[in-house]
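Residue numbers (mature numbering (1 follows the signal peptide of the UniProt record, and there is no 0)): -26 to -1, 1 to 946.
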């Protein structure tokens, strides 16, 4: 008979066991400890009920430090109910609490005479409260967390051998809503010792990332939750434009996916996780600059944290000059000023200044003054003087000044200027020359008036030129027909300021110009004046009635000429058409053909500046890293929503090459039904692929979410978009190999676009979704037989896959071939089995699916034909109407053709058992009332589409199993 000394002997073992445990455990930096019993050296004083149940035991560890444990071993008597409650634990900001228990447990088989009363488990409970509730313990106020069992228990022999068998179990409580809680342990008859109890929660400790401080953050209440935290820029830093710093705290207390960043302000540069001021003699003009720069030439500063340097005396910086440009000064005067004079026209020419002031934006300006006999009596030339090419802003070192007065004195100043000339307070430097003009030709006759216009004559008058430059002896009038331009013209001379031009043609436009003549010669012609003579009132016109023979002859000759030209043009056109070769369509180039994969990426994908990309949130995880959504803002364009695939840190070169391969493929495509590649980031970190953002995600998940919510026309419209995208890819010579609804993306306008160009891959982490062959893995349920058996991938095999996509769309994302194994699918297809029409699928659409599933690939339609068929259906919606009663009729025919088969009744003894197996037993009475034993009526009352589909799915699965068994020779 086992007595009280059993627990005492066991206590001795536990204390020895505790001495074998390392006391200095490394505390997880992600944990905040709320309770740790092994760290308390005084008595714990937890509540035990009844008092003779759990006992608090003292001991020493290997460092002779006192430790406290609780043990209970009431195994002799049945129906034990011993409770132990901790003190009140304040939870702080935590919502999700971890409880770590370390304990030992005695094997019941090693205790004689306790059969039926000894247990090897105990229960863990908790109670939420806002404050301490005293020492009373009411069982009904506690919520059970779990039943705790030992992975290892010890026996009497273990006590002698002093073997350590310590169990560690961790349980999670949450979410918690009150200020604190109690833990309670219920013993129901075990021999157990609680060596330690540790209660903690996890948090992300404060860090500095990208010059932003992220505070201590408690993890979320759910295992999969991410807590978004806004960062605060460190001192002397500011947020990057439209890119505020954020990070996400995971449930495991880890910081994930930094978004945005802070940058040091102007005058400060980054050093570690802080911003330090630029030293004396250095500056940083913009927060976008990375480092401080030394002051440029002829500038200085004598303080720290400067964003620019001041110019030395006599040096300047233009308003348009950035702070990085050296300070400069105005140029010296131009050199070697020369002139030529021709009557009242002066040409000036000079050499550049010896000193440009340190700038390369030197231009020249000319100042003209007309002087009297006294030099100091000079005035600026008026607006009548003309400069060629200009008076200021001259780049070349020459200018021509025209329309000066004859017999006048002029002074010309030529000044070299640059970007800081107007800032300088020093005296202007220029080259000057004084010139006296000679006799000159008169200026232009600009004011001409038409006095009288007749059929064959025009009378003109005009004013004397503003600058006659002498005595005008005559005027010359130049005229010509407008259509002839001035290739053929005539002249008329006049001694006065008027003239009449005769012998003109009626109804004809003429252009007139006039110039004056003095002893110095002719001046230049004035502006053009256009005048049209009047129409002729009488004309010798031969009517068709007077001479019909002439008209007939003219018409005949004209007709003959036109006919000859038409025949000649036809012959020449045919020869030209035969000789010309029209360019073909764009052809897809496999990136694997490039020796250097980076060259393929840069040839087909646009390199983006990482600063143009703003990551906003994490939306998933890909094979190579996170998938995020964000915005792309290119210079001169509005920002657009994009999806961003990132390459995780620590990638290998092969992973980088495989990651960018998809971008090399996508970059070659440009079609509204193919996902568009915006570009890549390969010259920064992280490496990114940026594509257009498709708001509704993958097509299969989208359809399952909106089961039964679309019209047939809408579904056919989706199919038409997919077919158009595949037609484009097929025309380019690209074979997709993995066309499935999961690889079609849907935007907010329900436009479907083909995506996922990574060729072979594992599908949805489902080992049953692929069939392994010598060349890789194949998605069996979507792949044509010849591609599975011989790896013959062509556009025809993509057509087979498209037929399966049609079935997925019309069945709202149901799994093709349901729960059949891959081997069963291959076997069934080889024996001629094809997927049946989904519920409410129009017959024409199912027939198109069957055409896509022709065994002979040459018999399958081309994508161009598929698009045409779908277009006809959309234009004629009556072809898409499902006959009344089709849904019930399909179910009825399927039931009649399969429920009577012996196979079903060898699997299930009754229709009721079958309905119960598929959890549709609610329709037992409907089937019984329908009399399916005689198959003379059909079931009524199965009106829910989802239930009809489930029953149909079960029948189709059974049918496929029958086909498989039939192929193996089993009698069914």
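Yeah, the Cβ is synthetic: ideal placement off N, Cα and C, and Gly gets one too.
In this text, all values refer to a predicted model and were calculated from it rather than measured experimentally.
(message) Suppose contacts are defined by Cβ-Cβ distances below 8 angstroms. Is residue 185 in contact with residue 194 by that definition?
(response) The residue you call residue 185 lines up with position 211 of the chain shown. The residue you call residue 194 lines up with position 220 of the chain shown. In this structure, residue 185 lies away from residue 194, with their beta-carbon atoms at least 8 angstroms apart.
(request) Pull up the distance between the alpha-carbon of residue 587 and that of residue 263, whole angstroms please. (result) By one-based count along the chain shown, residue 587 stands at place 613. By one-based count along the chain shown, residue 263 stands at place 289. Annotation: residue 587 to residue 263 spans about 18 angstroms, alpha carbon to alpha carbon.
(message) Using a 10 Å radius around the Cβ and a threshold of 16 neighbouring Cβ atoms, would you call residue 519 buried or exposed?
(response) Along the chain shown, one-based indexing puts residue 519 at 545. Low per-residue confidence applies at residue 519: pLDDT is 40, beneath 50, and the placement is therefore not dependable, though the value from the model is reported in the following sentence. Looking at its Cβ environment, which holds fewer than 16 other Cβ atoms inside 10 Å, residue 519 is exposed.
(request) Could you tell me the boundaries of the beta strand (DSSP E) in which residue 100 lies? (result) Counted from its first residue, the chain shown places residue 100 at position 126. Unbroken beta strand (DSSP E) run through residue 100: 95 to 103.
(message) Contact between the segment 316 to 330 and the segment 279 to 297 is defined here as three or more beta-carbon pairs at a separation below 8 angstroms; is this criterion met?
(response) Segments in contact, no.
(message) Taking the alpha-carbon of residue 188 as reference, which of 208, 198, 343 and 171 has the nearest alpha-carbon?
(response) Sequence index remark: in the chain shown, residue 188 carries index 214 (1-based). The alpha carbon of residue 188 has as its nearest neighbour, out of 208, 198, 343 and 171, the alpha carbon of 208.
(request) In the DSSP assignment, find the unbroken alpha helix (DSSP H) run with residue 774 in it and report its ends. (result) What you label residue 774 is simply residue 800 of the chain shown in a count that begins at 1. Its alpha helix (DSSP H) spans residues 769 to 784.
(request) Could you have a look at residue 574 and say whether DSSP puts it in helix, strand or coil? (result) For the purposes of this step, residue 574 is taken as residue 600 along the chain shown, with counting starting at 1. It is helical.
(request) Would you kindly check if the distance between the Cβ of residue 166 and the Cβ of residue 54 is under 8 angstroms? (result) Numbered from its first residue, the chain shown carries residue 54 at position 80. Numbered from its first residue, the chain shown carries residue 166 at position 192. Not a contact, by the Cβ cut-off of 8 angstroms.
(request) Note down the Cα distance separating residue 490 from residue 442, rounded to an integer number of angstroms. (result) If you number the chain shown from 1, residue 490 lands on position 516. If you number the chain shown from 1, residue 442 lands on position 468. Straight-line Cα distance between these residues: approximately 8 angstroms.
(message) On the criterion of 16 or more Cβ atoms from any shown chain inside 10 Å, does residue 545 qualify as buried, or is it exposed?
(response) The sequence position of residue 545 within the chain shown is 571, counting from 1. At residue 545, the pLDDT of 41 sits below 50, so the modelled position is not reliable; the number obtained from the coordinates is stated separately. Residue 545 should be labelled exposed.
(message) Rounded to whole angstroms, what is the Cα-Cα separation between residue 780 and residue 823?
(response) Mapped onto the chain shown, residue 780 falls at position 806. Mapped onto the chain shown, residue 823 falls at position 849. So the alpha carbons of these two residues sit roughly 7 angstroms apart.
(message) In whole angstroms, give me the CA-to-CA distance for residue 49 and residue 190.
(response) By 1-based counting over the chain shown, the position of residue 49 is 75. By 1-based counting over the chain shown, the position of residue 190 is 216. Residue 49 and residue 190: Cα-Cα distance of roughly 47 angstroms.
(request) Spell out whether any CB of chain D is found under 8 angstroms from the CB atom of residue 191. (result) Chain labels in this structure do not include chain D; a single protein chain is all it has.
(message) Could you check whether the segment 348 to 364 touches the segment 393 to 404, counting it as contact only if at least three pairs of C-beta atoms, one from each stretch, sit closer than 8 angstroms?
(response) Because the criterion of three Cβ pairs below 8 angstroms is not met, the segment 348 to 364 and the segment 393 to 404 do not touch.
(request) Decide yes or no for the touch test of the segment 247 to 256 against the segment 223 to 232: beta carbon pairs closer than 8 angstroms, at least 3 of them. (result) Not touching, per the Cβ criterion.
(request) Could you check the C-alpha separation between residue 372 and residue 236 for me, to the nearest Å? (result) Along the chain shown, read from residue 1 onward, the residue named residue 372 stands at position 398. Along the chain shown, read from residue 1 onward, the residue named residue 236 stands at position 262. Cα-Cα distance, rounded: 54 angstroms.
(request) Indicate, with yes or no, if the ligand SAM has a heavy atom lying under 7 angstroms from the CB of residue 419. (result) For the structure depicted, the ligand SAM is absent and the ligand set is empty, with no information on it obtainable.
(request) Leaving aside the five residues before and after residue 469 along the sequence, list all residues of the same chain whose C-beta is less than 6 angstroms from its C-beta, in chain order. (result) Along the chain shown, read from residue 1 onward, the residue named residue 469 stands at position 495. Close CB contacts of residue 469 within its chain, under the 6 angstroms cut and outside five residues either way in sequence, are with 448 (chain order).
(request) Kindly indicate the opening and closing residues of the beta strand (DSSP E) around residue 846. (result) As a working mapping, residue 846 is identified with position 872 in the chain shown. For residue 846, no beta strand (DSSP E) segment is defined; the enclosing uninterrupted segment is the alpha helix (DSSP H) at 837 to 849.
(message) Please state whether the Cβ-Cβ distance between residue 760 and residue 771 is less than 8 angstroms.
(response) To locate residue 760, count along the chain shown from 1; it is residue 786. To locate residue 771, count along the chain shown from 1; it is residue 797. Yes, they are a contact pair.
(message) Between the alpha carbons of residue 333 and residue 327, how many angstroms are there, rounded?
(response) Stepping through the chain shown from its first residue, residue 333 is reached at position 359. Stepping through the chain shown from its first residue, residue 327 is reached at position 353. So the two alpha carbons sit approximately 12 angstroms from each other.
(request) Let me know the secondary structure DSSP gives residue 566 once reduced to three states. (result) In the chain shown, the residue the question calls residue 566 occupies position 592. In the structure shown, residue 566 falls within a helical segment according to DSSP collapsed to helix, strand and coil.
(request) Locate the alpha helix (DSSP H) running through residue 705, then write down its first and last residues. (result) Position 731 of the chain shown, counted from the first residue, corresponds to residue 705. Per DSSP, residue 705 is one residue of the alpha helix (DSSP H) stretching across 686 to 705.
(request) Express the C-alpha separation of residue 19 and residue 30 in angstroms, rounding to a whole number. (result) Indexing the chain shown from 1 puts residue 30 at position 56. Indexing the chain shown from 1 puts residue 19 at position 45. Rounded to the nearest angstrom, the two C-alpha atoms are 8 angstroms apart.
(request) Check the DSSP bridge columns for residue 121 and list the partner residues they point to. (result) Here the question's residue 121 lines up with position 147 in the chain shown. Residue pairing by DSSP puts residue 121 in a beta bridge opposite 97.
(message) With H, G and I counted as helix, E and B as strand and the rest as coil, what does DSSP make of residue 515?
(response) The residue labelled residue 515 in the question sits at position 541 within the chain shown. Note on residue 515: pLDDT 39, under 50, position unreliable in the model; no value is reported.
(request) Decide if the segment 681 to 697 is in contact with the segment 836 to 847; the criterion is three or more beta carbon pairs, one per stretch, under 8 angstroms apart. (result) They touch, by the three-pair rule.
(request) Check residue 319 in the structure and name its three-state DSSP category. (result) In the chain shown, residue 319 corresponds to position 345, counting from 1. The answer is strand: DSSP assigns residue 319 an E or B state.
(message) Quick check: the Cα distance between residue 139 and residue 89, rounded to an integer number of angstroms?
(response) Position 165 of the chain shown holds residue 139. Position 115 of the chain shown holds residue 89. So the alpha carbons of these two residues sit roughly 23 angstroms apart.
(request) Would you tell me roughly how many angstroms separate the C-alpha atoms of residue 409 and residue 385, rounded to the nearest one? (result) As a first step, residue 409 is located in the chain shown; it is residue number 435 there, counting from the start. As a first step, residue 385 is located in the chain shown; it is residue number 411 there, counting from the start. Taking the straight line joining both Cα atoms gives about 6 angstroms.
(message) Please tell me whether residue 445 and residue 302 are closer than 8 angstroms, where the distance is taken between their beta carbons.
(response) By 1-based counting over the chain shown, the position of residue 445 is 471. By 1-based counting over the chain shown, the position of residue 302 is 328. No, these two residues do not count as a Cβ contact at 8 angstroms.
(message) For residue 663, which residues in the same chain have their Cβ closer than 6 angstroms to its Cβ, ignoring the five residues on either side in sequence?
(response) As a first step, residue 663 must be located in the chain shown, where it is residue number 689. 619, 637 and 654, listed in sequence order.
(request) Compute the beta-carbon to beta-carbon distance between residue 28 and residue 111, rounded to the nearest angstrom, for a pair I have assumed lies under 8 angstroms. (result) As a first step, residue 28 is located in the chain shown; it is residue number 54 there, counting from the start. As a first step, residue 111 is located in the chain shown; it is residue number 137 there, counting from the start. No, residue 28 and residue 111 are not in contact; Cβ-Cβ is about 12 angstroms, not under 8 angstroms.
(request) Return the first residue and the last residue of the beta strand (DSSP E) that residue 819 is part of. (result) As a working note, residue 819 is residue 845 in the chain shown. No beta strand (DSSP E) holds residue 819; the alpha helix (DSSP H) holding it covers 817 to 826.
(request) Could you check the C-alpha separation between residue 22 and residue 61 for me, to the nearest Å? (result) In the chain shown, counting from the first residue as 1, residue 22 sits at position 48. In the chain shown, counting from the first residue as 1, residue 61 sits at position 87. Rounded to the nearest angstrom, the gap between the Cα atoms of residue 22 and residue 61 is 11 angstroms.
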